[in-house]
Structure formats: structure tokens, C-alpha cells
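>
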Amino acid sequence: MVFSELVFVYGFFPLVMLLYFAVRGIRAKNVVLLMFSLLFYAWGEPAFVLLLVLMTLADWLLVMGIERARAAQSPRFSAKFWLIAVCVVNLGLLGVFKYGTFLLTNTKSLFGFPSAVPSIMLPIGISFYTFQLLSYAVDVYRGEVRAQRNFASLLLFCSLFHQSIAGPIVRYAHIQNELTDRQIVLSDVSRGVGRFAVGLAKKAVLANSCWKIFEKMTGEDGLAAALSPAESAAALAGQPAAMLWLGMLAFMLYIYLDFSAYSDMAVGMGLMTGFHYRENFDYPYASRSVSEFWRRWHISLGSFFRDYVYIPLGGSRKGKGRTMLNLLIVWGLTGFWHGASWNFLLWGLYFFLFLAVEKLFLGDWLQKIPRVFSHIYLLAAVFFGWILFQFRDTAVIWTIVKGMFGANGNPFSSFETSVAWQNNIFLLITAIIAVTPLARNLGAYMQTRAENGRLIKTHTAAQTALPVLLMLLATFALVGNSYHPFLYFQF
Amino acid sequence: MKNKFSENLKFSPALLARNCELRYPLYKVIAFYTVLFAGFIAGMFLIPWRPVKSESENRMLQEFPAFSFDKVLNGSYTRDITLWFSDTFPLRERMVEMNGRLQGLYGLNPVEVHGDIGTGDDIPDPARPTPSAPAKTTEATGTTISETTATTQQQTTATEPQQTTAANEEPIEVGTIGAVLVAGDAAYEYYNFNRSTADKYIETVNAAAAKLAGTAQVYSVIAPLSIDITLRDDLRAKVTSSDDQQKALNYIFGSMSEQVRTANPYDTLRAHRDEYLYFRTDHHWTARGAYYAYAEFCKQKGTFAPDLSMYETIEFPGFLGSFYSNTGKNPKLGDNPDTVVAYLPLAETDFVFTDTNGSKTDWMVIQDVSNWNASSKYNCFIAGDQPYSLITNKEKTDGSACVIVKESFGNAFAPFLITHYQYVHIVDYRYFKSNLISFVTDNGITDVLFVNNVSATRNAGLIDKLSLLVN
């Protein structure tokens with residue numbers, strides 16, 4: 002199930018909330034959440050829910066091993082041994098399910114082995130919950146948290162439907178107390194319902210519409226799965242430059258609006274039930290450097306790699322050469338985390354180059370030049386990055402980049418292109434506003450004024466009406482378009 | 081403590097503000113949960129309110145899946161429930177319409193383009209009488225796109241006939257396969273020439289003519305699409321992605337053998353372009369458009385078409401056709417529905433259609449569809465798309481017979497023919513299962529008319545079916 006389906010919004014979710022408030026006591030509430038979380042996961046992947054449960058069970062046992070080894074004077078197996086076991090289990094399963102097909106396809110083309118590549122289904126959300134379990138194990142190993150004695154609590158942590166399949170990658174340390182003791186405060190619930198409504202409208206209205214514009218560039222089904230790379234390249238070669246710019250602009254807006262919408266809804270649902278998840282996005286397109294962008298984009302992933310890979314490798318404390326190597330490793334992994342395909346590695350390394358140059362000298366420089374230039378620099382870097390991200394084939398990528406600069410022998414624009422720009426101009430403006438902190442700042446300003454006794458009624462009316470309006474618009478849009486691909490589910 | 085107490089006594093705006101500040105979260109939460117649970121009640125408990133079929137899309141909506149363990153295990157059970165839940169959500173049509181209006185606010189919309197733009201093959205000059213196999217090089221870019229669409233469409237058509245049964249269950253149209261341009265309150269379908277499919281069409285008609293030589297005369301009528309006829313010239317000049325239909329028709333007609341008599345309605349339709357020749361909200365031509373093509377056929381046959389003023393007409397206002405649903409219920413079309421004008425046959429007639437189950441129904445050549453829903457008004461002609469039907473002219477006894485082999489564009493055309501024959505056999509080649517050649521021989525048919533719109537000649541799925549009928 003995904004958040005942007007009507008069966009979730011008007012079936013599953015209200016039912017969970019109803020039962021959640023109907024039962025008394027934290028244990029009963031947790032039972033409701035756990036049962037429905039498993040149902041939520043099984044809804045889309047009936048078989049793989051077993052994988053989720055068994056993986057959690059294995060980690061639960063192994064992490065207890067870590068804790069016992071830490072406590073004992075001379076344990077039979079060291080804590081490190083148990084930690085390695087955790088890594089083998091988690092990364093092994095992730096490797097098989099996510100990278101198995103990709104690896105074998107490559108070995109086949111290189112060595113002719115195996116003769117037939119099995120196609121392995123990717124369990125939804127595996128990249129998210131594997132990382133949650135890994136961070137839990139490492140934190141116990143480091144003594145930062147105690148191992149969870151109750152299996153059901155640990156299972157709730159990694160299967161909780163708020164974040165199990167589309168992030169954020171929640172750290173056990175951040176919610177361990179709330180798993181057994183949490184308060185629901187009106188002001189939190191009020192913020193939560195706002196975030197839920199904003200997220201849903203962001204996804205259903207803005208993101209899906211941006212995707213439709215992107216499809217004008219690529220043809221229906223923007224991944225063009227039915228076409229071979231050569232066919233895709235040939236079709237894209239016919240697109241005028243203005244269409245390619247429009248399409249990629251729409252994609253850039255889409256990918257942020259889509260992904261951050263799911264995080265908004267996760268945070269919102271958390272607040273509605275007493276969980277406080279960390280923010281996963283902080284208006285990344287408003288950044289002024291690539292390193293700032295990556296501190297504000299998919300924060301839970303960036304901080305995972307920082308805390309569990311970059312810093313353990315020595316971070317930037319072991320000299321320039323080692324720092325560069327560490328960055329290279331982290332960005333190679335970040336790229337590959339997004340998908341088992343070479344273009345994702347390319348995409349990761351692309352950002353590595355920017356980060357390396359920023360670390361060397363560009364970073365200071367970007368702080369000194371007028372803000373507008375550093376903003377343009379960042380937006381351009383990210384914009385072209387999304388081409389590498391979205392298109393798997395280098396021939397296709399190259400065709401698009403060339404076409405953007407008029408090197409495919411097409412006129413700059415076409416009738417359909419200018420019509421597409423015109424037809425969507427207000428949508429694009431709205432989407433651009435939505436990726437900036439403008440609306441948030443306006444809300445905060447209104448709030449301050451209201452607290453000082455000004456425009457109280459307006460503020461109350463706006464605060465009350467806005468979620469309702471957003472929910473209605475989202476509902477129309479969801480009924481109107483049954484199509485809403487979500488890229489991050491692949492990971 | 082003291083401070084707080086004194087503050088409570090003050091009746092200041094700031095204090096009011098703080099009180100209100102305490103209250104707005106409550107209003108907000110109540111408002112949100114009201115919407116959420118209203119949707120919950122609508123979604124979970126108003127099952128009878130759930131629509132079963134979509135009027136405007138002319139399709140049955142997703143049914144609630146039947147339970148089976150296999151389906152649960154492979155995930156299709158829950159997937160179908162998800163689909164059912166959203167596909168049949170109460171007030172669905174209304175919400176789709178609201179969404180259409182919302183999308184109208186996305187930008188400036190003097191014109192709009194919906195759907196994928198294809199690229200056509202080069203249209204050759206009609207040099208050869210029989211076309212040879214097309215050069216592989218012409219099948220470059222865009223053809224793949226339009227052919228993929230054609231395949232999907234073929235799958236759709238395959239499931240359609242089951243729904244063409246009961247009298248009030250309207251048959252499904254084969255919709256548009258190209259992009260759709262909306263200009264003002266009218267929509268137009270893009271056209272892209274497809275060399276290999278056009279050649280297959282030519283071959284098929286030629287083959288029929290050769291096989292029927294000495295038995296019957298073969299005629300070919302091809303309807304152009306409105307984009308080249310009624311779209312304003314300055315706008316048409318900008319739409320370079322839609323291929324020149326005049327050139328395409330010249331190629332197709334010019335490549336047909338001497339045995340085929342061709343009726344090209346392009347010039348006469350252009351001459352009458354200010355009239356109501358095409359629907360604005362649907363991809364079909366009007367009966368008036370079909371009449372001019374019929375008049376062109378009469379010229380080829382060497383007979384006269386009665387003047388349009390001789391016909392009695394019935395009007396069915398409020399028609400919102402395929403363009404309306406293809407454009408996600410575009411409000412500019414929705415606010416300006418079409419009127420279907422039908423011309424009653426000039427003779428006393430009997431009409432019987434045979435549906436996909438083989439059962440026969442007595443019906444009207446022009447059925448009163450005033451009470452049918454907005455999307456089905458075009459089905460007033462010859463009971464819509466039936467596999468086979470027969471019009472009998474009760475005022476003739478000479479045994480004269482023709483067959484019209486058609487897709488839905490032929491529906492508005494067929495009724496005019498009854499003036500000239502005792503029997504007008506109507507074959508919809510998408511659903512008809514017998515062999516056309518033996519059918520013609522067995523029924524003493526002397527005239528065979530292939531009536532198609534030019535878009536059919538780029539639809540590989542359709543032309544494959546036509547070709548099966550002849551070979």
C-alpha cells in the first residue's frame with residue numbers, strides 16, 4: 002500500500018486511527034499499530050512480509066548477542082563477532098534481493114556466467130528497513146542504546162507503516178522511548194494533521210502533475226520501459242531543446258515534491274500518534290552548495306552514511322588524500338543505494354566530484370560570492386544530476402544533454418512545447434514556490450502576528466480551512482488520476 | 081504567581097490572542113478528522129453508492145475481487161481491492177470533473193495538447209499501383225510509439241464485444257490513438273502516417289477487389305480527421321507534428337488497383353468546412369460529414385445522392401464524446417457539448433443487428449438516444465458497433481445488396497446507403513468472424529464498401545483484423 006492511494010487515505014488510515022484511540026493503554030495501542038503495519042506491508046508484498054519479520058527476528062537475537070558479549074567479562078564470541086554476523090545477514094539479504102540480478106547480469110556479460118540470470122523481485126522498502134536495523138545494531142554495539150528485549154517492540158520499530166517503505170530511515174535511538182511511552186499533545190496533533198494534508202496534496206496534485214509534464218518529454222510511462230535504450234534515445238533526439246528543459250525542470254520538481262511528500266506524511270502521522278520523527282528534508286533546493294544540498298536532501302540517508310561509514314573510516318581527520326577516498330566510498334555507496342544500475346553509481350560519483358572540489362576550494366568561494374550565483378550553481382549541478390539519475394542508458398543521457406543545447410538538429414521549440422509551457426505555467430510557479438521555504442515562513446509570520454493579537458480570526462480560519470482544502474484537492478486529483486509512480490519504492 | 085493572576089484580570093487583546101491560539105489547533109484537528117472520516121464512511125460503508133461503470137469512459141469499473149488463496153499470496157487480491165476502492169469511489173465522475181476544472185487552472189489554455197505526440201513516416205507519392213514492402217528505414221522513431229499504442233488498443237478491442245450485448249448497454253468505441261489538441265471549445269486528433277500499416281491496408285483492399293472481380297465492385301472511402309478539415313488554418317500551420325492527410329489519402333488512394341473505385345471526400349469536406357462536419361468533443365464525424373463522403377461515393381457509383389434537405393432529422397443534444405474523456409473531462413468541452421443530428425432513412429426500413437453472442441435484435445436504424453447518457457449519443461446510428469447488422473428497404477424488391485465494411489466512422493455513413501439497395505449488410509471488421517469473400521458471394525452482394533477513417537490506416541491492430549477477414 003502507498004500513502005497516495007485512496008484505499009490508504011480513506012480506508013486503512015482512518016481505521017487505524019479509530020482503533021488506536023478506541024483501545025486503552027500503550028500496549029494495546031502498539032498491538033494495533035503492529036498488526037496494521039504488517040497488514041500495510043503485506044498488502045503490496047504478501048510473501049515478503051515474512052522476510053521483514055524473519056530479518057527482524059534474526060537481528061533481534063544477534064543484537065542481544067552483542068549486548069551480552071559487551072556485558073560479559075570474557076564472552077565466548079566477542080561483540081564484534083555478533084556485529085559482523087548482523088552485517089552479513091542484513092547486507093547479504095539486501096545484496097541478494099536488491100543487487101543479485103544486477104551482479105549476475107554483469108558477470109554474465111563479462112564472463113558468460115551464469116547462462117541464465119534469475120530475475121529476483123525487489124521487496125518493497127528493503128533498503129529502508131535494512132538500514133534501520135543496521136543502525137540499531139551498530140548503536141547497541143557502540144553502547145549508545147540498550148538492546149530491545151521485546152521482539153514485538155523491535156518489529157514495530159522497523160515495520161511501522163509511517164516509515165517502513167518510503168523512509169525516513171528512522172534511528173532506533175530517536176524513538177526507543179516513544180515505543181513504550183508517548184504522549185499525544187493537541188499542538189502536535191494539530192501540526193501533524195497539517196503535515197499529513199500538505200504531504201498528500203503535494204504528492205497527489207503537484208508531484209503527479211509535474212510527472213505528467215515530464216511524460217510530455219519522454220512519452221507515456223516516463224521510464225519508457227517498453228522501449229530499448231536506442232529507441233528511447235531516438236525518440237528523445239526528436240525533442241526540441243525547450244521541451245527537454247521543461248521536462249527535466251518538471252522532473253526536478255517532481256522528485257523532490259514526491260519524495261518529501263511521503264516524508265511529510267510520515268512525520269505528520271507520527272505526530273498524530275505521539276512519535277517524533279526527525280525531518281528528512283529541509284528545502285534542499287534552497288541550498289547554496291552541493292554539500293549543503295546533501296545536508297538538506299534525504300537527511301536520514303546522508304546522516305546514516307556519515308555516522309556509519311564516513312566517520313568510522315576517519316572522516317576528514319586523516320589527511321586530504323584519505324578524506325577524498327572516504328568521500329569517494331560514501332558517494333559510490335550513496336549512488337548504489339538508490340538502485341542497482343550503473344547510472345546510479347555515475348550519479349553518486351558526479352556528486353563526489355562537486356563535493357571534492359567544494360572541499361578543496363570552491364566551498365569557501367561559494368560563501369563569498371553573491372548569493373544568487375551560488376544558488377544558480379547548486380541548482381544547475383542538481384538539475385543535470387537528475388538526468389543521470391533518471392535515465393539508465395548513457396546514450397539516452399547524452400542525447401538529452403546534447404538536445405538541451407540544440408545539438409540534435411532540432412528547432413529550439415515547437416508548437417507542442419510552447420503549448421505545454423503555457424498550459425502549465427501556473428502549476429510550475431506553484432510547484433517552484435512549494436519547494437522553497439516561502440509558505441512555511443509566511444505561516445510562521447502569520448503565527449507570530451496572531452500571537453501578538455493581530456489577524457487572529459484570519460489565522461484561525463486559514464489554519465482550519467487549509468488542511469480541509471488540501472485534502473479535497475488531493476482527493477479530486479487521486480480519483481482523477483489513478484497513475485502515481487513512486488520511484489523511491491524501488492530502493 | 082502574582083504576575084499571572086494580574087494578567088488574568090486584564091482583558092487585553094494579547095490575552096484574547098493567547099486564548100485563540102489555544103483554540104485554533106482544536107478547530108484544525110476537528111476539521112481534518114471530519115474530512116478524513118467523511119471519506120472513510122463514503123469509502124467503506126456507502127458501497128451501494130459506488131458506481132459500477134463509467135459513463136464517460138464507456139467502461140465497466142473494477143469489480144471487487146473474488147477471494148482465493150492464490151490471489152492473496154501473489155498479491156493480486158489486495159491489488160484489485162486497491163483498484164476497486166479508487167476506481168469506484170462514490171461520486172467518482174463528479175470528482176474527475178472537478179479535477180478537470182482544477183487542471184484548467186494550471187496555466188493559460190488558449191490551446192492544449194493531451195497525449196503523446198508521435199512522429200510519422202514520410203508519405204511517398206503514389207507512384208506504384210501495388211505497393212511493395214516498405215523500406216525498413218522509414219520505420220524509425222515515432223512508429224514504435226504509435227505501434228505500442230495500437231497493440232494496447234487491440235487488447236482493448238478484444239474484450240469489447242462481450243459488452244455489446246444488451247439493448248441499453250452501449251458498445252465501446254475505439255478511441256483516439258494520437259495526441260489530442262484542444263483549441264477553443266473543440267478538440268482535434270493528431271494524425272501520423274504509418275507506412276507499413278497504410279501499405280497493408282492498400283494490399284487488403286486490393287486483394288478483396290481481385291478476389292471479387294466479376295462478382296462485386298469494391299469501393300474505398302476514407303474519412304480524414306477534423307484536424308485537417310475544420311481546424312483554423314493559422315493554427316493548423318503550427319501543428320507540424322500532425323502529418324498532411326491530403327498527401328496520405330492521395331498516396332493510399334493512388335496506390336489502389338484499377339479494380340477499386342475510390343471515393344476521396346477530402347476536397348468536398350474542405351469545401352464545406354464551415355458546416356458542422358465533425359464533433360468538437362468526440363473523434364467521429366457528424367452525419368453531415370458522413371453525408372458528403374457518401375455523396376462522393378454516389379459519384380463513383382454513378383448515381384445521385386438525395387439532397388440533405390430531403391431528409392427528416394432528429395437531434396440529440398448533450399453529447400460529450402471520447403475527446404471529453406480523453407482530455408480528463410476538459411471543462412471547455414464539458415461546458416459546450418455536441419448535438420448529434422441524425423438523418424432518417426428516406427425509405428421504410430427494417431433493421432436487425434447481431435451481437436457478439438450471435439443473438440439477433442430488432443432495432444431502429446436511428447434509435448432515440450435522448451435518455452442515454454452523454455457519452456453514448458453517437459450510438460444512435462445502427463445500434464453502435466455491432467459485429468453484423470442488416471438494413472432492409474421494405475420499398476424495394478429488386479434484391480440489390482451492398483455490404484459496408486467499417487469501423488465506427490461507418491456508423492453515421494451506413495444509413496444513407498439504404499436509398500440505393502434493398503439490403504445493406506453492415507460488417508464491423510473488428511468483431512465480424514466470417515470470411516468476407518464468401519459472405520459477399522453467398523448473399524448476392526454487388527457493391528462492397530470499405531469505409532474507414534484515416535486513423536484506422538495507421539492502426540496495425542485494426543488492419544490485421546481487416547486483413548484476416550479478406551484472406
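Just so you know, the sequences run in chain order A and B.
Its first residue numbered 2, the first sequence is counted upward by one per residue in my numbering.
Its first residue numbered 81, the second sequence is counted upward by one per residue in my numbering.
By construction, the Cβ of each residue, glycine as well, lies at the ideal position given by its N, Cα and C atoms.
Give a yes or no on whether the C-beta atoms belonging to H460/A and M447/A are separated by under 8 Å.
The count along the first sequence starts at 1 and reaches residue 460/A at position 459. The count along the first sequence starts at 1 and reaches residue 447/A at position 446. Against a cut-off of 8 Å, the Cβ pair of M447/A and H460/A comes out as a contact.
> Only counting the same chain, and skipping five residues up and downstream in sequence, which positions put a Cβ closer than 6 Å to that of F41/A?
As a first step, residue 41/A must be located in the first sequence, where it is residue number 40. The answer, listed in chain order, is M2, F162.
> Kindly indicate the opening and closing residues of the beta strand (DSSP E) around F384/B.
Stepping through the second sequence from its first residue, residue 384/B is reached at position 304. Counting along the chain, F384/B falls outside any beta strand (DSSP E), and DSSP gives it neither H nor E.
> Here's a check: name, in chain order, each residue in its chain whose Cβ is nearer than 6 Å to the Cβ of L548/B, leaving out the five neighbours to either side.
Residue 548/B sits at position 468 when you count from the first residue of the second sequence. If we look at L548/B and ignore the five residues flanking it on each side, it has no Cβ neighbours.
> Using alpha carbons as the reference points, say which of V199/A, L7/A, A174/A lies closest to L163/B.
For the purposes of this step, residue 163/B is taken as the residue at position 83 of the second sequence. It is L7/A.
> At least one CB of chain B closer than 8 Å to the CB of M472/A: is that the case?
One-based indexing of the first sequence puts residue 472/A at position 471. So, interface residue.
> Going by DSSP in three states, R341/B sits in which element: helix, strand or coil?
Locating residue 341/B in the second sequence gives position 261, counting from the first residue. Here R341/B sits in strand by DSSP.
> Buried or exposed: where does D182/A fall if 16 or more other Cβ atoms within 10 Å of its Cβ makes it buried?
Sequence index remark: in the first sequence, residue 182/A carries index 181 (1-based). Classification for D182/A: exposed.
> Beta-carbon of P15/A versus every beta-carbon of chain B: anything under 8 Å?
Your numbering for residue 15/A matches position 14 in the first sequence. Yes, its Cβ sits closer than 8 Å to a Cβ of chain B.
> What are the boundary residues of the beta strand (DSSP E) that includes S300/B?
Residue numbering aside, residue 300/B sits at position 220 when the second sequence is read from its first letter. Residues 297-303.
> May I ask you to list, following chain order, the residues of the region 385-406 of chain A that have a beta carbon less than 7 Å from some beta carbon of chain B?
none
> Following the continuous beta strand (DSSP E) through I471/B, name the residue where it begins and the one where it ends.
For the purposes of this step, residue 471/B is identified with residue 391 of the second sequence, where counting begins at 1. Going by DSSP, I471/B is part of the beta strand (DSSP E) stretching over 468-473.
> Would you say Y107/B reaches chain A, if we count a Cβ-Cβ gap shorter than 8 Å as a contact?
One-based indexing of the second sequence puts residue 107/B at position 27. Closer than 8 Å to some Cβ of chain A, the Cβ of Y107/B qualifies, so yes.
> Taking only beta-carbon atoms, is M140/B less than 8 Å away from chain A?
In the second sequence, counting from the first residue as 1, residue 140/B sits at position 60. No, no contact with chain A.
> In whole angstroms, what is the alpha-carbon distance linking G195/B and Y404/B?
Locating residue 195/B in the second sequence gives position 115, where the first residue counts as 1. Locating residue 404/B in the second sequence gives position 324, where the first residue counts as 1. Going by the C-alpha atoms only, they are around 13 Å apart.
> Label M36/A either buried or exposed according to how many other C-beta atoms from any shown protein chain fall within 10 Å of its C-beta, with 16 as the threshold for buried.
Translated into positions along the first sequence, residue 36/A becomes position 35. Looking at its Cβ environment, which holds fewer than 16 other Cβ atoms inside 10 Å, M36/A is exposed.
> Taking Cβ to Cβ, would you say V260/B is nearer than 8 Å to A266/B?
Along the second sequence, read from residue 1 onward, the residue named residue 260/B stands at position 180. Along the second sequence, read from residue 1 onward, the residue named residue 266/B stands at position 186. Not a contact, by the Cβ cut-off of 8 Å.
> Under 8 Å: do the region 163-177 of chain A and the region 259-271 of chain A share three or more Cβ pairs, one atom per stretch?
With the cut-off at 8 Å, the region 163-177 of chain A and the region 259-271 of chain A touch.
> Put N533/B into one of helix, strand or coil per three-state DSSP.
Mapped onto the second sequence, residue 533/B falls at position 453. N533/B: strand per DSSP, three-state reduction.
> Thinking C-alpha only, which one of V89/A, A451/A, F392/A, N425/A is nearest V193/B?
Stepping through the second sequence from its first residue, residue 193/B is reached at position 113. Closest option to V193/B, Cα to Cα, is N425/A.
> Among the candidates L400/B, I309/B, A289/B, whose CA atom is the shortest distance from the CA of T526/B?
By 1-based counting over the second sequence, the position of residue 526/B is 446. Here the closest residue by C-alpha is A289/B.
> Show which residues of chain A have a CB atom less than 7 Å away from the CB atom of A454/B.
In the second sequence, counting from the first residue as 1, residue 454/B sits at position 374. What A454/B touches in chain A: nothing, since even the nearest Cβ is about 18 Å away.
> Between the Cα of L63/A and the Cα atoms of A72/A, F82/A, V54/A, which residue gives the shortest distance?
Along the first sequence, one-based indexing puts residue 63/A at 62. When only C-alpha atoms are compared, the closest one is F82/A.
> Please state if the CB of V319/B and the CB of A367/B are separated by a distance shorter than 8 Å.
Here residue 367/B refers to the residue found at position 287 when the second sequence is read from its first residue. Here residue 319/B refers to the residue found at position 239 when the second sequence is read from its first residue. Going by C-beta atoms, A367/B is not nearer than 8 Å to V319/B.
> Check whether the region 183-195 of chain A and the region 271-283 of chain A are in contact - that is, three or more C-beta pairs closer than 8 Å.
yes
> With a cut-off of 8 Å, do at least 3 Cβ pairs link the region 348-365 of chain A to the region 323-337 of chain A?
Flag = yes, the region 348-365 of chain A and the region 323-337 of chain A touch.
> State yes or no: is the beta carbon of S166/B nearer than 8 Å to at least one beta carbon in chain A?
On the second sequence, residue 166/B is found 86 positions in, with the first residue counted as 1. Answer yes: the Cβ-Cβ gap between S166/B and chain A drops below 8 Å somewhere.
> With a threshold of 7 Å on Cβ separation, who are the neighbours of T277/B within its own chain once the five nearest residues in sequence on each side are excluded?
Looking up residue 277/B in the second sequence gives position 197. T537, R538, N539, A540, I543.
> Which residues in chain A have a C-beta closer than 8 Å to the C-beta of N31/B? List them in chain order.
No statement about residue 31/B is possible, as the shown extent of chain B runs from 81 to 551 and does not include it.
> Give me the Cα-Cα distance between V262/B and A243/A, rounded to the nearest whole angstrom.
In the second sequence, residue 262/B corresponds to position 182, counting from 1. In the first sequence, residue 243/A corresponds to position 242, counting from 1. Rounded to whole angstroms, V262/B to A243/A spans 21 Å at the Cα level.
> Between which two residues does the alpha helix (DSSP H) holding C159/A run?
In the first sequence, the residue the question calls residue 159/A occupies position 158. Note, C159/A: alpha helix (DSSP H), 152-160.
> Mapping DSSP to helix, strand and coil, what is E179/A?
Here residue 179/A refers to the residue found at position 178 when the first sequence is read from its first residue. Looking at E179/A - three-state DSSP - the assignment turns out to be helix.
> If you count every other CB in all the chains shown that lies within 10 Å of the CB of H277/A, and 16 or more means buried, which is it?
Within the first sequence, residue 277/A is the residue found at index 276, counting from 1. Looking at its Cβ environment, which holds fewer than 16 other Cβ atoms inside 10 Å, H277/A is exposed.
> Listing by chain order, which chain B residues have their CB less than 9 Å from the CB of P47/A?
Translated into positions along the first sequence, residue 47/A becomes position 46. Within chain B, the residues near P47/A are V152, L153, N154, G155, Y157, T158.
> For L261/B, which beta-bridge partners are listed by DSSP?
Working through the second sequence from its first residue, we reach residue 261/B at position 181. Partner(s): V193/B, Y268/B.
> Please state if the CB of G382/B and the CB of F427/A are separated by a distance shorter than 8 Å.
Counting from 1 along the first sequence, the entry for residue 427/A is found at position 426. Counting from 1 along the second sequence, the entry for residue 382/B is found at position 302. It is not a contact, given that the beta carbons lie outside the stated cut-off.
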